[in-house]
Amino acid sequence: MAFPKRKNIRPERQRERELLVVVGSKNPVKVQCTENGFQRAFSAHHFIVEGLNINSEVSDQPFGDAETSLGAFNRAKNAKNTFPEADYWVGIEGGVEDLDDEMTAFAWVTIMDRNGVVGKSKTATFILPEAIGKLIRGGMELGEADDKVFDRENSKQGNGAVGMLTKGTIDRKEYYEQAVVLALIPFISDNLYT
Numbered sequence: 142m143a144f145p146k147r148k149n150i151r152p153e154r155q156r157e158r159e160l161l162v163v164v165g166s167k168n169p170v171k172v173q174c175t176e177n178g179f180q181r182a183f184s185a186h187h188f189i190v191e192g193l194n195i196n197s198e199v200s201d202q203p204f205g206d207a208e209t210s211l212g213a214f215n216r217a218k219n220a221k222n223t224f225p226e227a228d229y230w231v232g233i234e235g236g237v238e239d240l241d242d243e244m245t246a247f248a249w250v251t252i253m254d255r256n257g258v259v260g261k262s263k264t265a266t267f268i269l270p271e272a273i274g275k276l277i278r279g280g281m282e283l284g285e286a287d288d289k290v291f292d293r294e295n296s297k298q299g300n301g302a303v304g305m306l307t308k309g310t311i312d313r314k315e316y317y318e319q320a321v322v323l324a325l326i327p328f329i330s331d332n333l334y335t
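Per our numbering, the sequence shown starts with residue 142, numbered consecutively.
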């Protein structure tokens, strides 16, 4: 798989190499939140962020923390195996879990670098309406259930359940972005994680 050639670096940055980040998904929300998170964490660096269609090796709709976290890890690992020339690899996986008689939604983020360092983080969780939970328990993915309940199309590449349920107060990109920054903690505070 070939990526576009790296952009020319402005004269004041010629000594600084652009860093390539590969996201284990072509979902534009996941790619953009990754780019935003890296820029927030490392504002002095320039990143090129690209998405690849990568298999998570878990269910289409992961259920529970363990399966969702594994999906994020597998996306990062498989992105690294697919494009080993990058500097960082990111996996983002959304999941659901029953908590008593309610269903919660969340996502896990895994980030790997060339030195074998791995950072992980989980987003905040929120309770899904029963109408969506029932559809998921019946075999639908969260994105499909959102589309059906909210009469939308392809909401998982837009504002997602969190955006629709908060009426845009928090969109999916913003929701994931904070978790990307938190997964970068071992790289930000590397002296404490080596």
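All C-beta atoms, glycine included, are put in the ideal place defined by N, C-alpha and C.
>> Please list the terminal residues of the continuous beta strand (DSSP E) segment that includes Thr245.
In response: As a first step, residue 245 is located in the sequence shown; it is residue number 104 there, counting from the start. Note, Thr245: beta strand (DSSP E), 243-254.
> For the region 261-331, which segments carrying the alpha helix (DSSP H) assignment without a break, of at least 4 residues, lie completely within its bounds, in sequence order?
Replying inline: 271-278, 283-291, 301-306, 313-324, 326-329
> Is the Cβ-Cβ distance between Val303 and Gly178 less than 8 Å?
Replying inline: Translated into positions along the sequence shown, residue 303 becomes position 162. Translated into positions along the sequence shown, residue 178 becomes position 37. No; because the gap between Cβ atoms is not below 8 Å, this pair is not in contact.
> Does DSSP put Phe183 in a helix, in a strand, or in coil?
Replying inline: Within the sequence shown, the letter at position 42 stands for residue 183. Three-state DSSP puts Phe183 in coil, outside helix and strand.
> Are there 16 or more other CB atoms within 10 angstroms of the CB of Arg313, so buried, or fewer, so exposed?
Replying inline: Within the sequence shown, residue 313 is the residue found at index 172, counting from 1. Buried, by the Cβ-count rule.
> What's the gap between the Cα of Ile195 and the Cα of Phe247?
Replying inline: Against the sequence shown, residue 195 aligns to sequence position 54. Against the sequence shown, residue 247 aligns to sequence position 106. Straight-line Cα distance between these residues: approximately 20 Å.
> In angstroms, rounded to a whole number, what distance separates the CA positions of Arg278 and Glu159?
Replying inline: The residue labelled residue 278 in the question sits at position 137 within the sequence shown. The residue labelled residue 159 in the question sits at position 18 within the sequence shown. Each residue's Cα considered, the two are about 44 Å apart.
> Between which two residues does the beta strand (DSSP E) carrying Phe188 extend?
Replying inline: Along the sequence shown, read from residue 1 onward, the residue named residue 188 stands at position 47. 188-192 is the span of the beta strand (DSSP E), which, as asked, contains Phe188.
>> Looking at the secondary structure, which residues open and close the alpha helix (DSSP H) in which Glu208 lies?
In response: For the purposes of this step, residue 208 is taken as residue 67 along the sequence shown, with counting starting at 1. If you look at Glu208, you'll find it in the alpha helix (DSSP H) that goes 206-223.
>> Just verifying my parser: in three-state terms, what is the DSSP assignment at Val238?
In response: Counting from 1 along the sequence shown, the entry for residue 238 is found at position 97. Residue identity check: residue 238 is Glu in the sequence provided, not Val. Here Glu238 sits in strand by DSSP.
> Are Gly232 and Gly165 close, meaning C-beta to C-beta below 8 Å?
Replying inline: For the purposes of this step, residue 232 is taken as the residue at position 91 of the sequence shown. For the purposes of this step, residue 165 is taken as the residue at position 24 of the sequence shown. Yes, these two residues count as a Cβ contact at 8 Å.
> Thinking C-beta only, is Tyr316 closer than 8 Å to Thr245?
Replying inline: Along the sequence shown, one-based indexing puts residue 245 at 104. Along the sequence shown, one-based indexing puts residue 316 at 175. Not a contact, by the Cβ cut-off of 8 Å.
>> For Phe328 and Gly260, which I take to be in contact (beta-carbon distance under 8 Å), what is that distance rounded to the nearest angstrom?
In response: Within the sequence shown, the letter at position 187 stands for residue 328. Within the sequence shown, the letter at position 119 stands for residue 260. Confirmed, Cβ separation roughly 6 Å.
> Can you list, in chain order, the residues of its chain whose CB lies under 6 Å from that of Gly205, leaving out five sequence neighbours each side?
Replying inline: Walking along the sequence shown from the start, residue 205 turns up at place 64. Glu238, listed in sequence order.
> Excluding the five sequence neighbours on either side, which residues of its own chain have a C-beta within less than 8 Å of the C-beta of Val162, listed in chain order?
Replying inline: Stepping through the sequence shown from its first residue, residue 162 is reached at position 21. The residues are Thr175, Glu176, Phe179, Phe188, Ile189, Val190, Glu191, Ala227, Asp228, Tyr229, Trp230, Val231.
> Hey, Ala324 and Thr209 are a contact pair by Cβ (cut 8 Å); roughly how many whole angstroms apart?
Replying inline: The residue labelled residue 324 in the question sits at position 183 within the sequence shown. The residue labelled residue 209 in the question sits at position 68 within the sequence shown. About 14 Å; that fails the 8 Å criterion.
> Gln173: which of Gly257, Asn300, Val290 sits nearest, CA to CA?
Replying inline: Taking the sequence shown and counting its residues from 1, one reaches residue 173 at position 32. Looking only at Gly257, Asn300, Val290, the smallest Cα-Cα distance to Gln173 is reached by Asn300.
> If you draw a straight line from the alpha carbon of Ala272 to that of Pro225, how long is it in whole angstroms?
Replying inline: Position 131 of the sequence shown holds residue 272. Position 84 of the sequence shown holds residue 225. A straight-line Cα-Cα distance of about 42 Å links Ala272 and Pro225.
> Do you know how far the Cα of Leu333 is from the Cα of Gly280?
Replying inline: Counting from 1 along the sequence shown, the entry for residue 280 is found at position 139. Counting from 1 along the sequence shown, the entry for residue 333 is found at position 192. Each residue's Cα considered, the two are about 43 Å apart.
> I think Glu294 touches Gln202, with their Cβ atoms under 8 Å apart; what is that distance to the nearest whole Å?
Replying inline: Stepping through the sequence shown from its first residue, residue 294 is reached at position 153. Stepping through the sequence shown from its first residue, residue 202 is reached at position 61. Contact flag wrong, Cβ pair sits at about 18 Å.
> What is the DSSP secondary structure of Gly178, counted as helix, strand or coil?
Replying inline: Counting from one through the sequence shown, the residue named residue 178 turns up at place 37. Correct three-state label for Gly178: helix.
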